[in-house]
Structures are given as C-alpha cells and as structure tokens.
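Peer 1: Taking numbering that gives the first Met the number 0, the leading residue of the sequence shown gets 0, the next gets one more, and so forth. Here a beta-carbon is modelled for each residue, glycine too, at the ideal position from N, C-alpha and C. Here the structure is a predicted model, which is why all the values come from computation and not from measurement. Below is one structure. I have some questions about it.
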Amino acid sequence: MNDQNKTAEYQAKIKEAEKNISSVQQSPYALKLHMMPPVGWLNDPNGLCQKDGIYHIFFQYSPFDARGGEKFWGHMQTPDFIHYEYTGAPLAPDLPIDRNGVYSGSALVEDGIIKLYYTGNVKEKGSEGIMEGRDANTIYVETKDGINMSSKKLLMTNEDYPDFVTRHVRDPKIWKEDDTYYMVQGAWSKDYKGHVLIFTSKNGINWNYSHALTTAETFGYMWECPTIFPLADSHFLSISPQGLAHEEFRYQNIYQAGYFQIDGDFKGKYELNNFQEWDMGFDFYAPQIFEDEKGRQILIGWMGIPDADYSNPTIEDSWQHTLTLPRELTLSADGKQILQRPVSELEKLRKEQILPDEHPSGEIIYKDLSIYELLLNNVSSSLSITIAKDLHLDWNEETGVFSLSFTGKAGYGRTERKTKLEKLEDLQMFVDTSAIEVYLNKGAVVFASRFYPMENNHDLLIQCNDCIRKLWELSPIKTTYHNQ
Ligand code: FRU
C-alpha cells in the first residue's frame, strides 16, 4: 500500500520546514555530542540496527512543530558514532492505516534488507481512545538504505490482538531465534495493567498471538516500548511503564524506563524480577536496544519524557529534545545489574587532557568549558560538582544519597533527582551544551538531564578529596544534512 500524492505532499512540506536547519543550529543550546532533530520535535529512537557497517538510527520526528504533532520517522546514519548524516524522513503518516502517526517500531536486518515494523496510529476525533476510538495497526516496510522504502504492508489490526487488551497496543520489536520470528508489543489491559504481548511467525509476515508477559502485582497500567534481549546467559525485558507510584528514591519522573531480569523462559514458565531503572535523571524514556555487528548490545534512549512539568527553552529556537549517547550494555560480575557505558568510539572525541588548576581551598575550578568528559576514580567519602553555576551533583557517604539538583534557573523547572548508593567508586560524565549524562559505579547507575546555562556560565567546580581526575575537552560529532 502507498499513496504517492500524499507522500509527495508531505515531502514538500518537510523540505519547507527543514529550510530552518541552519537557524536551529545557531540555537545557543544546539547540541554537539548528541543527536538532535534537524528542526522541530524528536522523541523515541526507532528501527535501530547496523547493516554493512552503517548504523541506522531512525527517530520519532515532528518536523512542523517543536511542541510535537504529526509523527514521522526521521533517519540518521553513522559508520562510527562520530560522523552522522541526516538523510530525511522516509516514513510519513500518509495512509489511512497510519494517518495519526507513524509510531515507534524496530528493525531486523536479514538478507541485506532492513525489515521495519511499526505501529500505525489511528485516532477517532472526540473519542476517549482507550476502550474504543483508536486503532493500532502493525505495519511492515522494507528498505536497503534507510532512505528508499518499499510500499507499506498491513500485518495486524486490533482484531489480531487478544481480547483482554484495550486499544492501546504498540511498539513492535522483532528478533529471530532459530527458524522462528518473535515480536513483542506493549499493551494496556482492560483491567489497567501493563503487559507485553508476544507474537510468533515463520516468515516475518504472518503473525500469531502466542501469550502475554506481566508481573504478579500490577506494575503500572501501560508498558510502552518493550524489548527482550540477552546479556551473557541471562535474558532481560526492558519496558517503559506508565502509572507507577512515585517514591523518594525511585520512580521520581512522571513515567519510567527500566528492565526486569527474566527468570526462567519467557516462552513458558517465567518470572519478571528485580526491576531497575535505566536512568535516574530528569530526561530519559523509551529506550531501544539492538545488537550491532560486533555483538554489542547498544541502548539509545529518548532524552526527554512526555507530560513532564518542566520545560525546554529550545522551543523558542524551533526544536526540542535529543537522543542519549549510544550506551554499550554489559552485565556486572555478580550477574545482577546491567552496566551502561557510552560506546568506546566516543573516546576519539577527546582532545588533549586538561590539567587541573589547583585552588587554595582544595576545590578545582575549570573555566569556560562547554563540551567535555570527566572521569573520577577513587571517589571515597564525599563529592560535590557544580556545572554552569546552577547544576549540582552531590554524594554523601554518611547518608548514601547521590543527587542531581538545580539552583537558579538552569533547570527550567527541574528540581532534584536522587538515589541511594552503597558506595561511590567512580564517575564518568559527559557534558554537552545543554545535556549531561553521568555514569556512576561503572555505569550501574546513570543520570541524564537537560540543563540550560545562564549568563553564559560554563564553569566546572569539583570538590573531591583524593580523587583521581581526568578531564578532556571534546570535539563535536559531525552531522551533515541531506538537503543542505
Ligand atoms: C513512547 C511513545 C510510544 C509511541 C510513540 C509515539 O514515547 O508513546 O509508545 O509509539 O511514543 O510517538
């Protein structure tokens, strides 16, 4: 299926909107290490995969409005996570089956083809859209290059999903084991409980519902963006649940994203245990995980969150949100925790190491740094870091609390996020123009947040007794745009 007139109409409209790319790049908050939208709004990473050495990174994209709106898939590609090319928005909501959004989905590379599966969202005006008034179509499309797409094929409609779910079913993620294709989709059941639906297929086109995964106790009403993935000998289920009650040290954002360890076999007898959040910061949601050609499990998240009560001044510059750095996942030695680390390719961005400027009080202040990486080892009793005057990272061994907090205006409504740690041994931190990612204890705990420096302040202040410090200014990643 396709509608060439509608597709051409959309492409012309996108071309018009993307004339603004160079002015978006002039935004004082334009990112230098993170993938940002060419113009407009970005949310979930989609269709992550690697084919013939090239990484394909699609993303939810609303080019016409920085506050969100019609959802397309934009496409970036990179051979090395340093040189990126934006090639356009190859999937548009141009058919009746996806007219209210080409929603999230995933990729499977097979026989030289990138096979894409996504949710075509259809909403009836004026309807509540939970028990009725919404269609979630599972749609398939193929591409060899992420640019030219085959016509779209409708694989499943709500009629193909089990009776116990509402109209909210979405975000297909596909993989293959032996001769069977598996698909997971996120679902909201009629009794308001988050589930993952599992479908199987012998050819990737004709699918049958198999069964659903959930927890014994209700864990939120909706699970978005599910992924099942292996690490060492264990299997994990990543979900983005909605509806968890806030706690002082957990679930502090409006919605969460994290992983369960799957004990047993998700195809038969299983238990979902030990949910851990991927990221404790203000801006993280809807991550996707894929295996690259080196066999690495790589996670990219949306560095943003829906319905938050804090904001981003970049809207005034006609863009909003970014993706996280690509993070490699490994399992901790005790097998209980996933460790996240920015992929090692990013070490190539390091310029010469900066030497500390010793201060009489024992503090170290670095002036006017805008994009950099800091590594601290041997952190022991306490640590305090201030970035751009208003953003603070604090660790106190006595209370065991690590926090990321704002004073002043740089948080645009962001206040404090915190966690309890048994110990803090090391910290790795990437600071971009208006985004920070902090990795603690070899990446067992991560905080990602946007921040907006005031008065052009780009200072870094570190108080840490006996820490071993390494600091590098970083070169920016390089992005080219197809129509520039
Ligand atoms: C997660 C999500 C997905 C959906 C997409 C729409 O942020 O709500 O469930 O497919 O965004 O943009």
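If you measure between the beta carbons of residue 286 and residue 237, is that distance less than 9 Å?
Peer 2: Yes, these two residues count as a Cβ contact at 9 Å.
Peer 1: Among all the DSSP beta bridges, which residues are the ones paired with residue 262?
Peer 2: Beta-bridge pairing links residue 262 to 270.
Peer 1: Residue 159 to residue 0, Cα distance in whole Å?
Peer 2: For residue 159 and residue 0, the distance between alpha carbons rounds to 19 Å.
Peer 1: Taking 8 Å as the cut-off, is the C-beta of residue 170 nearer than that to any heavy atom in the ligand FRU?
Peer 2: Residue 170: yes, Cβ under 8 Å from the ligand FRU.
Peer 1: Verify whether the separation of the beta carbon atoms of residue 426 and residue 382 is less than 9 Å.
Peer 2: Going by C-beta atoms, residue 426 is nearer than 9 Å to residue 382.
Peer 1: Quick one: residues in its chain with C-beta nearer than 6 Å to the C-beta of residue 560, no 5 flanking neighbours on either side, listed in chain order?
Peer 2: This structure cannot settle anything about residue 560, because the visible part of the chain is limited to 0 through 483.
Peer 1: Skipping 5 residues on each side, what residues in its chain have a beta carbon closer than 8 Å to that of residue 464?
Peer 2: For residue 464, where only same-chain residues beyond five positions count, the Cβ hits under 8 Å are 361, 379, 380 and 381.
Peer 1: With the cut-off set at 9 Å, would you say residue 78 and residue 52 are in Cβ contact?
Peer 2: Cβ distance < 9 Å, so residue 78 and residue 52 count as in contact.
Peer 1: Kindly indicate which three-state DSSP category residue 15 falls into: helix, strand or coil?
Peer 2: Reduced to three states, the DSSP call for residue 15 is helix.
Peer 1: Could you give the first and the last residue of the continuous beta strand (DSSP E) run that contains residue 241?
Peer 2: Residues 233-241.
Peer 1: Using 8 Å for Cβ pairs, my map puts residue 102 next to residue 34. What's the rounded Cβ distance?
Peer 2: No, residue 102 and residue 34 are not in contact; Cβ-Cβ is about 19 Å, not under 8 Å.
Peer 1: For residue 432, does the three-state DSSP call read helix, strand or coil?
Peer 2: Residue 432 falls in the coil class under three-state DSSP.
Peer 1: Got a sec? Which residues, its chain only, sit under 6 Å from residue 306 by beta carbon, not counting five neighbours each side?
Peer 2: Closer than 6 Å at the Cβ level, and outside the excluded window around residue 306, lie 253.
Peer 1: Determine contact between the segment 57-72 and the segment 323-330, defined as no fewer than three beta-carbon pairs at a distance below 8 Å.
Peer 2: Because the criterion of three Cβ pairs below 8 Å is not met, the segment 57-72 and the segment 323-330 do not touch.
Peer 1: Classify residue 309 as helix, strand or coil using the three-state DSSP reduction.
Peer 2: Correct three-state label for residue 309: coil.
Peer 1: What are the start and end residues of each continuous beta strand (DSSP E) run of 3 or more residues lying completely inside the segment 296-379, in chain order?
Peer 2: Within the segment 296-379, the complete beta strand (DSSP E) runs of at least 3 residues are 296-302, 326-330, 337-341, 349-352, 363-365 and 371-376.
Peer 1: Can you check DSSP and say which residues form a bridge with residue 486?
Peer 2: With the chain represented from 0 up to 483, any question about residue 486 goes unanswered, as that position is not in the structure.
Peer 1: For the alpha helix (DSSP H) that residue 21 lies in, which residues bound it at each end?
Peer 2: Counting along the chain, the alpha helix (DSSP H) containing residue 21 begins and ends at 20-24.
Peer 1: Would you tell me roughly how many angstroms separate the C-alpha atoms of residue 270 and residue 342, rounded to the nearest one?
Peer 2: Each residue's Cα considered, the two are about 31 Å apart.
Peer 1: Looking at residue 129 and residue 167, is the spacing between their C-beta atoms short of 9 Å?
Peer 2: Their beta carbons are under 9 Å apart, which means residue 167 touches residue 129 by this criterion.
Peer 1: So, do the segment 330-337 and the segment 428-436 have three or more beta carbon pairs nearer to each other than 8 Å?
Peer 2: Short answer: they don't touch.
Peer 1: Less than 8 Å between the CB of residue 381 and some heavy atom of the ligand FRU, yes or no?
Peer 2: No, the ligand FRU has no heavy atom inside 8 Å of this Cβ.
Peer 1: I want to check one thing, is the minimum distance from the CB of residue 284 to the heavy atoms of the ligand FRU below 8 Å?
Peer 2: Under cutoff, so the answer is yes.
Peer 1: For residue 403 versus residue 279, is the C-beta spacing smaller than 9 Å?
Peer 2: Yes.
Peer 1: Compute the beta-carbon to beta-carbon distance between residue 365 and residue 473, rounded to the nearest angstrom, for a pair I have assumed lies under 8 Å.
Peer 2: About 13 Å separates the two Cβ atoms, so there is no contact after all.
Peer 1: If you draw a straight line from the alpha carbon of residue 458 to that of residue 363, how long is it in whole angstroms?
Peer 2: Distance between the alpha carbons of residue 458 and residue 363: 10 Å.
Peer 1: CB of residue 436 to nearest heavy atom of the ligand ATP: below 8 Å?
Peer 2: In the structure on display, the ligand ATP does not appear, and the ligands it does have are the ligand FRU.
Peer 1: Within the chosen definition, does the segment 112-126 reach the segment 141-153 through at least 3 CB pairs nearer than 8 Å?
Peer 2: Taking 8 Å as the limit for Cβ pairs, the verdict is that the segment 141-153 does touch the segment 112-126.
Peer 1: Under the three-state reduction of DSSP, which class applies to residue 287: helix, strand or coil?
Peer 2: Residue 287: strand per DSSP, three-state reduction.
Peer 1: For residue 108 and residue 49, I'd like the C-alpha separation in whole angstroms.
Peer 2: Each residue's alpha carbon lies about 8 Å from the other.
Peer 1: Please report the distance separating the alpha-carbon of residue 175 from that of residue 181.
Peer 2: About 6 Å.
Peer 1: Using the beta-carbon count (16 or more within 10 Å), is residue 448 buried or exposed?
Peer 2: It counts as buried.
Peer 1: Short of 6 Å in beta carbon distance, which residues of its chain neighbour residue 80, apart from the five on each side in sequence? Order them along the chain.
Peer 2: Closer than 6 Å at the Cβ level, and outside the excluded window around residue 80, lie 325, 342 and 344.
Peer 1: So what's residue 156 in DSSP terms, helix, strand or just coil?
Peer 2: Note: residue 156 maps to coil in three-state DSSP.
Peer 1: Can you check DSSP and say which residues form a bridge with residue 386?
Peer 2: Residue 386 pairs with 390 and 459.
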